[in-house]
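Numbering (this note's numbering), first residue to last: 4 to 176.
Backbone N, C-alpha and C define an ideal beta-carbon position, used for all residues, glycine too.
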């Protein structure tokens with residue numbers, strides 16, 4: 004399967020996803036919005052909420068090759084005021100590269116959501132003991148214990164992106 008990425012107006016991700024489902028056959032086009040769990044404390048209790056991992060982007064999973072996908076979606080992309088453009092590496096390469104897709108797939112659950120991870124700090128090193136970041140402390144660039152977040156580095160459509168994901172630090176030794 005190929006993943007294609009649409010750059011859309013902020014806050015219109017769900018609307019574009021619905022539009023794709025309405026216009027196209029669900030067998031060839033499966034739009035989704037990668038999500039992340041966010042942790043926050045309210046009245047002494049830790050709560051979770053879901054938020055887009057990449058705000059302003061909608062992903063489409065499709066078995067169509069690049070040229071066929073671009074040709075079949077072109078008219079919808081240009082007529083929708085919510086879609087800004089289809090991201091591409093070059094004129095001929097529009098689907099997300101396998102190495103980038105595989106990293107995202109390994110971090111996400113089956114609903115395309117990166118769940119929270121749990122870690123401990125030992126001296127100046129972080130050790131992630133549970134969750135999708137387990138064994139991947141090398142991609143963690145920064146930790147904000149107060150906000151219960153880690154900033155991780157991902158390659159996304161040829162660019163390096165810093166993305167916030169949920170990380171609960173349970174102890175510091």
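Proximity of residue i and residue j at Cβ, strictly below 9 Å
{"i": "residue 42", "j": "residue 50", "result": "yes"}
{"i": "residue 16", "j": "residue 65", "result": "no"}
{"i": "residue 177", "j": "residue 37", "result": "Residue numbering for the chain in the displayed model covers 4 to 176; residue 177 lies beyond these limits and cannot be assessed."}
{"i": "residue 26", "j": "residue 98", "result": "no"}
{"i": "residue 82", "j": "residue 63", "result": "no"}
{"i": "residue 146", "j": "residue 154", "result": "yes"}
Distance between beta carbons of residue j and residue i, contact taken as under 8 Å
{"i": "residue 34", "j": "residue 73", "result": "Rounded, the Cβ-Cβ distance is 16 Å, inconsistent with contact."}
{"i": "residue 52", "j": "residue 119", "result": "Incorrect: roughly 11 Å between the Cβ atoms, too far for contact."}
{"i": "residue 140", "j": "residue 129", "result": "5 Å"}
{"i": "residue 95", "j": "residue 133", "result": "About 42 Å separates the two Cβ atoms, so there is no contact after all."}
{"i": "residue 156", "j": "residue 165", "result": "6 Å"}
{"i": "residue 19", "j": "residue 160", "result": "Going by Cβ atoms, the distance from residue 19 to residue 160 rounds to 17 Å, so no, they are not a contact pair."}
{"i": "residue 39", "j": "residue 168", "result": "5 Å"}
{"i": "residue 31", "j": "residue 67", "result": "6 Å"}
Which ranges does the beta strand (DSSP E) cover as unbroken runs of at least 3 residues, wholly within the stretch 91-166, from first to last along the chain?
Qualifying beta strand (DSSP E) stretches, in chain order: 120-125, 128-133, 143-147 and 152-159.
Is the stretch 115-126 touching the stretch 76-92 in the sense that three or more CB pairs, one from each, lie closer than 8 Å?
Under the Cβ criterion (8 Å, minimum of three pairs), the stretch 76-92 does not count as touching the stretch 115-126.
Ordered list of alpha helix (DSSP H) runs contained in the stretch 9-76, each at least 4 residues
Inside the stretch 9-76, DSSP marks whole alpha helix (DSSP H) runs of 4 or more residues at positions 16-26, from first to last along the chain.
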